[in-house]
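Residue numbers (this note's numbering): 69 to 388. One structure below.
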Ligand code: TXA
Ligand code: MG
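What follows is the structure in structure tokens.
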């Protein structure tokens, strides 16, 4: 199956928005690169992004918003964030901000973090799609993991065509590199990724940016301090659960005997498991159990990303 390339006329935009509402994936142009979009509030649709990209781990995704009101419902803007957004949105700037507790964005989209990466794209087709859809769209670059980012609809069709409901064709993208990412979730503003907006432009507004690698307290390789790790210790690949433990189960034969239990997927569906993963881990962490026991999860498809995240969460931690 190959995705339908839609011309970005009003009928194409309406069809693409309907596909997003139905939980499907739609690729669309932005001024930087083409994005692989899904309804950011739908865990299962976001899991489908990771499956399509064949990502071996759950990187948090950028959440695209169409207007200021939508942005403020999802994250908290301080004065620095407001100034940067007012001067540069819509445009190639992504802001990492504290997530509002009642934010509708899927926990999988932000990889369980307490922060959200938000961006308001300025491409007319991206803006029209966001308006027609009426909600936030999670969208990484529309390429398989480890491959080059796509700057034409044909690039997307070649590498991901079979995974998508539609590709909106907007011709070649204008900027060709991803957005600049600035982390404003802490006291010091940090540059997480250089990109389409110059650092000079940003520093002219809010002063010097700290480099990303100064991020304090990296607890496990590849794990930023802001990453959510459960408070309770994790035991992985368990064959039995104890009475004082909470159980993260998987598959048709969940273990018994735990104090609390949630099954990632009773049918053994790894996409469903990924969709439930961060939300369930949080609930079990708050269940009052001494530890969280986790049943074995197959090392295939999104199971690899789930296991990667579990191993990081179970790794010894430096004191906070
Ligand atoms: O230009 C772009 O930004 C493109 C177009 C499609 O908009 N999008 C894009 O998205 O590059 P993506 O999902 O590939 O970028 C994800 C990166 C992550 O690897 C991470 O570095 C950062 O954004 N990120 C996302 N959420 C974050 C968070 N809560 N905290 C820290 N970094 C975050
Ligand atoms: Mg990318």
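C-beta atoms are modelled at their ideal positions from N, C-alpha and C, and glycine is treated no differently. Remember, it's a predicted structure, so these values are computed and weren't measured experimentally.
What residue does the beta strand (DSSP E) around residue i start on, and which one ends it?
{"i": "residue 144", "result": "That residue, residue 144, is in no beta strand (DSSP E); it is neither H nor E in DSSP."}
{"i": "residue 76", "result": "Per DSSP, residue 76 belongs to no beta strand (DSSP E) and is neither H nor E."}
{"i": "residue 370", "result": "From DSSP, residue 370 is part of no beta strand (DSSP E) but of the alpha helix (DSSP H) over 370 to 382."}
{"i": "residue 329", "result": "328 to 331"}
{"i": "residue 187", "result": "183 to 187"}
{"i": "residue 105", "result": "102 to 107"}
{"i": "residue 132", "result": "130 to 132"}
{"i": "residue 258", "result": "258 to 261"}
{"i": "residue 162", "result": "161 to 166"}
{"i": "residue 126", "result": "Looking at the DSSP string, residue 126 is not in any beta strand (DSSP E), and its letter there is neither H nor E."}
{"i": "residue 251", "result": "248 to 251"}
{"i": "residue 96", "result": "94 to 97"}
{"i": "residue 313", "result": "313 to 317"}
{"i": "residue 362", "result": "359 to 362"}
{"i": "residue 236", "result": "234 to 237"}
Using 10 angstroms around the beta-carbon of residue i, count the other beta-carbons present and answer buried if the total reaches 16, otherwise exposed.
{"i": "residue 123", "result": "buried"}
{"i": "residue 373", "result": "buried"}
{"i": "residue 110", "result": "buried"}
{"i": "residue 409", "result": "Given that the chain is displayed from residue 69 to residue 388, the structure contains no residue 409 and the question cannot be resolved."}
{"i": "residue 305", "result": "exposed"}
{"i": "residue 380", "result": "buried"}
{"i": "residue 232", "result": "buried"}
{"i": "residue 266", "result": "exposed"}
{"i": "residue 309", "result": "buried"}
{"i": "residue 251", "result": "buried"}
{"i": "residue 293", "result": "Residue confidence for residue 293 is low, a pLDDT of 40 falling below 50, so the modelled location carries little weight; the figure read from the coordinates is stated next. By the neighbour-count rule (16 or more Cβ atoms within 10 Å), residue 293 is not buried but exposed."}
{"i": "residue 256", "result": "exposed"}
{"i": "residue 151", "result": "exposed"}
{"i": "residue 263", "result": "buried"}
{"i": "residue 354", "result": "exposed"}
{"i": "residue 392", "result": "Since the first and last residues shown for the chain are 69 and 388, residue 392 lies out of range."}
{"i": "residue 215", "result": "exposed"}
{"i": "residue 121", "result": "buried"}
{"i": "residue 285", "result": "Only weak support is given to the placement of residue 285: the predicted model assigns it a pLDDT of 39, under 50, and the value that follows is read from those uncertain coordinates. Flag for residue 285 reads exposed."}
{"i": "residue 290", "result": "Caution applies to residue 290, whose pLDDT of 41 falls short of 50 and renders its modelled position unreliable; the model cannot decide the point."}
{"i": "residue 127", "result": "exposed"}
{"i": "residue 311", "result": "exposed"}
{"i": "residue 275", "result": "exposed"}
{"i": "residue 237", "result": "buried"}
{"i": "residue 383", "result": "exposed"}
{"i": "residue 230", "result": "exposed"}
{"i": "residue 169", "result": "exposed"}
Assuming residue i is part of the alpha helix (DSSP H), what are its boundary residues?
{"i": "residue 224", "result": "221 to 228"}
{"i": "residue 274", "result": "267 to 274"}
{"i": "residue 211", "result": "Element bounds for residue 211: n/a, residue is neither H nor E."}
{"i": "residue 340", "result": "338 to 353"}
{"i": "residue 192", "result": "192 to 201"}
{"i": "residue 114", "result": "111 to 121"}
Throw me the rounded Cβ distance for the residue i and residue j pair, which I believe falls under 8 Å.
{"i": "residue 143", "j": "residue 184", "result": "5 Å"}
{"i": "residue 139", "j": "residue 186", "result": "6 Å"}
{"i": "residue 88", "j": "residue 105", "result": "7 Å"}
{"i": "residue 369", "j": "residue 332", "result": "Not confirmed; about 13 Å, so no contact."}
{"i": "residue 235", "j": "residue 74", "result": "7 Å"}
{"i": "residue 93", "j": "residue 116", "result": "6 Å"}
{"i": "residue 320", "j": "residue 336", "result": "6 Å"}
{"i": "residue 258", "j": "residue 277", "result": "6 Å"}
{"i": "residue 240", "j": "residue 228", "result": "Their Cβ separation, rounded to whole angstroms, is 17 Å, which puts residue 240 and residue 228 out of contact at 8 Å."}
{"i": "residue 166", "j": "residue 247", "result": "Going by Cβ atoms, the distance from residue 166 to residue 247 rounds to 19 Å, so no, they are not a contact pair."}
{"i": "residue 224", "j": "residue 95", "result": "5 Å"}
{"i": "residue 99", "j": "residue 249", "result": "No, residue 99 and residue 249 are not in contact; Cβ-Cβ is about 15 Å, not under 8 Å."}
{"i": "residue 197", "j": "residue 84", "result": "6 Å"}
{"i": "residue 351", "j": "residue 378", "result": "Contact doesn't hold; Cβ gap of about 16 Å is too wide."}
{"i": "residue 328", "j": "residue 361", "result": "Actually they do not touch by this definition, with Cβ atoms about 11 Å apart."}
{"i": "residue 97", "j": "residue 222", "result": "The pair is not a contact, with the Cβ atoms about 12 Å apart (cut-off 8 Å)."}
Would you say residue i lies against chain B (beta-carbon separation less than 8 Å)?
{"i": "residue 246", "result": "In the displayed structure, chain B is absent; only one protein chain is listed."}
**Prompt:** Does the pairing of the segment 157 to 166 with the segment 199 to 207 give three or more beta-carbon distances under 8 Å?
**Reply:** no
**Message:** Using a Cβ distance threshold of 8 Å, determine whether the segment 131 to 144 contacts the segment 173 to 191, with at least three qualifying pairs required.
**Reply:** yes
**Asked** Quick one, what's near the ligand MG if you take every residue whose CB is closer than 7 Å to any heavy atom, in chain order?
**Response** 208, 209, 211, 217, 246
**Message:** Does the structure place the segment 315 to 327 close enough to the segment 354 to 368 that three or more beta carbon pairs sit under 8 Å?
**Reply:** yes
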